[in-house]
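Below is one structure, written out as structure tokens, with a few remarks after it.
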Amino acid sequence: MNNKEIEKLAEKLERCRKISLDEVNQDEVDEITDIKIDKRKQSGERILDFLNKVKNPYIFKVNGKLVRIRFSDTNKTANDCLTNVLKNLYR
Numbered sequence: 064m065n066n067k068e069i070e071k072l073a074e075k076l077e078r079c080r081k082i083s084l085d086e087v088n089q090d091e092v093d094e095i096t097d098i099k100i101d102k103r104k105q106s107g108e109r110i111l112d113f114l115n116k117v118k119n120p121y122i123f124k125v126n127g128k129l130v131r132i133r134f135s136d137t138n139k140t141a142n143d144c145l146t147n148v149l150k151n152l153y154r
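Add 63 to the 1-based position in the sequence shown for the numbering used here, that's all there is to it.
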């Protein structure tokens, strides 16, 4: 990818991140199972392929159900969070 493509992708990500579910037309949201990614590519290339193919990488459908993903601005990893949940469940 060249710098212009990277900048364009960064702008898309920022714009998509800010969209609320109220602004989304569910008929225009990608069904995750319909997005085909070449598994022979390196992981970074697969991520870029996904980001370029999907309309909004933060909002998509899984089996017709609307899903939104968000990331917190902390240093905690997903593993840290899951470990904390399990510790609290099994005290």
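Ideal Cβ placement from N, Cα and C applies to all residues, glycine included.
So what's residue i in DSSP terms, helix, strand or just coil?
i, result
"I122", "strand"
"V130", "strand"
Just how far apart, CA to CA, sit residue i and residue j?
i, j, result
"K67", "Y153", "50 Å"
"M4", "L72", "Nothing can be reported for residue 4, as the shown portion of the chain is limited to 64 through 154."
"E70", "P120", "16 Å"
"K81", "R103", "32 Å"
"D101", "K150", "38 Å"
"Q89", "F113", "19 Å"
"Q105", "E91", "29 Å"
"N138", "C144", "11 Å"
"E86", "S135", "21 Å"
Do residue i and residue j have their CB atoms nearer than 8 Å?
i, j, result
"I122", "L129", "yes"
"K116", "I95", "no"
Return the Cβ separation of residue i and residue j in integer angstroms, given the expectation that the two are a contact with Cβ distance under 8 Å.
i, j, result
"L84", "R133", "In fact, because the Cβ distance is near 11 Å, the residues do not count as touching under 8 Å."
"D93", "K75", "Actually they do not touch by this definition, with Cβ atoms about 13 Å apart."
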